[in-house]
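Residue numbers (my numbering): 133 to 519. Only one structure is covered here, and it is reproduced in the block below.
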Amino acid sequence: MALHSKLPELQSATLPKPSYRLRERLDNTPVLVFWETTKVCPLTCLHCRAESISLAPPEELTTQEAKLLLAQVASFGTPKPTLILTGGDPLSRPDIWSLLEEAKELNLKVAISPAVSPKLNAKTIVRLLGLGVQSASISLDGLENTHDVIRGISGHFKETLRAIDTMEDYGLRVQVNTTVMSKNKTELADVFALIRSRAVKIWEVFFLIQIGRGSDIEELTPPENEDVARFLFEASAYDVLVRTVEAPFYRRVSHQVATKPENPMLGDPGPLYSKLSKKLKDLVGEADTEPTFKPVYTRDGKGIVFISHSGSLYPSGFTPVPLGNIKSESLKILYRNSEMLRKIRRADISGACGVCGYVELCGGSRARAFTHFGDPLAQDPGCLFAG
Ligand code: SF4
């Protein structure tokens with residue numbers, strides 16, 4: 133069935149809406165500011181968005197410029213955005229400790245996404261905790277062989293599990309990130325069972341965007357995305373918070389499943405869902421409760437922004453549409469006044485997303501739209517409604 137033909141029906145769907153207060157908040161202040169601290173990383177992962185390298189390029193922010201960035205994030209006032217230190221590997225930045233001290237002085241909430249390498253050890257974890265780092269996200273992309281192939285290092289899977297255990301032992305909150313692509317799509321239930329067995333409470337699943345070293349990696353088809361979204365919603369019934377990146381249609385699918393059978397738009401699940409769902413139950417048993425739909429209204433450019441290693445502002449790390457540079461411009465002014473970000477925030481999006489009733493709640497991945505059409509305001513070709 134061509135789902136596009138049903139789109140007008142969706143416009144009248146009764147959907148949750150963000151409050152005026154939340155809209156205002158998202159127009160004025162990002163919830164999350166991602167900063168690509170460096171492009172340097174000891175790993176050379178197959179799908180690396182940042183195309184990591186071993187020596188810092190000259191345009192990378194200096195310590196002084198980085199401190200200016202921290203001050204700019206703090207300048208949004210209360211509630212301040214959470215600063216997520218990504219890379220590359222943030223621990224590969226020689227001045228990372230002095231920057232964390234500065235962030236603590238500024239009372240910033242900080243989370244970090246370190247690479248699993250010898251630099252991430254018990255001593256480092258204790259130091260991160262001492263500087264008030266709130267959580268760390270670690271990537272786990274599949275079972276042992278798949279993970280090691282994707283990360284490019286034999287034995288990396290075991291090191292990753294060790295790193296997760298060490299962080300848990302020391303009380304640093306762990307989030308596991310998984311990038312889903314054709315190569316690992318059938319192992320998602322296994323990854324979920326693994327992280328649940330380790331008491332990890334947050335699982336963030338990135339739906340591959342074909343940029344950086346991931347340009348030639350096979351992404352999922354729209355029906356597969358639908359199946360994975362449906363599986364993830366099912367997994368969210370267990371005691372792990374499931375989030376997605378570059379798959380806002382997860383919200384549409386979750387809402388549809390949660391409002392079944394009243395929601396006429398829900399098609400039958402496909403074979404990938406059936407396989408993952410069966411595996412999930414085989415590995416962790418039935419959930420005690422039904423999954424609950426929780427609306428989320430942020431998306432790239434709306435509550436979320438990304439600052440590159442050189443200070444360029446983008447809607448996200450996967451949407452390299454430059455909006456200005458914090459070396460010479462105010463992050464606050466750029467975030468509030470950028471015409472592109474304003475369009476994203478008011479869901480001024482074309483194609484199927486533009487006429488979809490879920491546009492406010494979902495809005496499609498701006499990164500995938502940009503990668504496929506060169507237009508960050510085009511429809512998301514990864515969604516079954518648009519693909
Ligand atoms: S991706 Fe676009 S078409 Fe699909 S549910 Fe979201 S807004 Fe609708």
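The beta carbon of each residue, even a glycine, is placed where N, CA and C say it ideally should be.
Distance, Cα to Cα, residue i vs residue j?
i    : j    : result
D359 : F502 : 23 angstroms
E492 : K149 : 8 angstroms
P250 : L272 : 17 angstroms
E422 : L275 : 27 angstroms
V374 : F438 : 22 angstroms
T176 : T218 : 15 angstroms
G433 : L158 : 9 angstroms
I327 : K241 : 25 angstroms
G506 : Y302 : 45 angstroms
E366 : L340 : 21 angstroms
E471 : V453 : 12 angstroms
S442 : S448 : 14 angstroms
D400 : W229 : 51 angstroms
G287 : D280 : 7 angstroms
S386 : A361 : 7 angstroms
S409 : A419 : 11 angstroms
R500 : K212 : 28 angstroms
I436 : T430 : 7 angstroms
A79  : E291 : With the chain represented from 133 up to 519, any question about residue 79 goes unanswered, as that position is not in the structure.
L521 : P393 : One cannot answer for residue 521 here, as it falls past the ends of the chain, which runs 133 to 519.
V306 : A321 : 19 angstroms
I282 : D480 : 36 angstroms
Q342 : H504 : 9 angstroms
Within 10 Å of its beta-carbon, does residue i have 16 or more other beta-carbons around it, so buried, or fewer, so exposed?
i    : result
L201 : buried
D371 : exposed
I465 : exposed
A331 : exposed
N357 : buried
P204 : The sequence shown places Gln at residue 204, not Pro. Label assigned to Q204: buried.
N316 : buried
T194 : exposed
T207 : According to the sequence shown, residue 207 is Ser rather than Thr. It is exposed - the Cβ of S207 has fewer than 16 other Cβ atoms within 10 Å.
R153 : exposed
G514 : buried
P508 : buried
E156 : exposed
L187 : exposed
G209 : exposed
T424 : exposed
Report the option in the options whose CA atom is closest to the CA atom of residue i.
i    : options                : result
A510 : C494, V248, G483, L516 : G483
N253 : H441, M472, E300, S207 : E300
G402 : D420, T318, D480, P393 : T318
L238 : N309, T214, D227, I257 : T214
S444 : T430, L364, G506, S460 : S460
L404 : T353, T451, F425, L187 : T353
H179 : K407, S368, T310, L463 : T310
E233 : E471, A321, V265       : V265
F381 : V428, D227, A188, I476 : V428
A369 : A379, C173, K426       : K426
C173 : S151, G284, Q196       : G284
P406 : V377, L364, R383, D480 : The sequence given here places Ser at residue 406; Pro does not occur at that position. Of the candidates V377, L364, R383, D480, the one whose C-alpha sits nearest the C-alpha of S406 is L364.
R498 : D227, S151, V377, S347 : V377
S347 : S151, F450, I481, S329 : F450
Q196 : F338, D227, I282, S329 : D227
Once the 5 residues before and after residue i are set aside, which same chain residues still bring their CB inside 6 angstroms of it?
i    : result
A198 : L231
E350 : S314
I185 : K171
F289 : E276, H279, D280
Identify, in the order they occur along the chain, each residue of the same chain with its Cβ nearer than 7 angstroms to the Cβ of residue i, setting aside the five sequence neighbours on each side.
i    : result
C485 : V491, G495, G496, Q511, D512, A518
T298 : A254, I257
L293 : none
G344 : C180, R181, A182, E183
K236 : L263, G264
R526 : Nothing can be reported for residue 526: it is not among the residues displayed for the chain, which extend from 133 to 519.
T391 : none
A325 : L415, V416
E467 : Checking the sequence, you will find Tyr at residue 467 rather than Glu. P162, V437, L473, listed in sequence order.
P355 : G402, L516
L455 : L445, Y446, L466, S470, M472, L473
K475 : L509
Suppose the cutoff is 8 angstroms on Cβ atoms and the five residues either side in sequence are ignored; what does the same chain contact list for residue i look like?
i    : result
T278 : K315, N316, E319
R192 : One detail in the question is off: residue 192 reads as Glu in this sequence, not Arg. Contacts found: T170, K171, H441, S442.
L260 : L232, I244, A268, L304
V308 : S269, I270, S271, L272, I296, V323, I327, V332, I334, W335, E336
N457 : S442, G443, S444, L445
V312 : L320, V337, F338, F339, L340, L352, V360
_Three Cβ pairs or more, each shorter than 8 angstroms: is that satisfied between the segment 156-170 and the segment 332-348?_
The answer is no - the segment 332-348 does not touch the segment 156-170, with fewer than three Cβ pairs under 8 angstroms.
### Task
Examine the Cβ distances between the segment 217-228 and the segment 240-249 and report whether three or more of them are shorter than 8 angstroms.
yes
Inset, instruction - Would you check if there are 3 or more beta carbon pairs closer than 8 angstroms linking the segment 404-420 to the segment 153-165? - result: no
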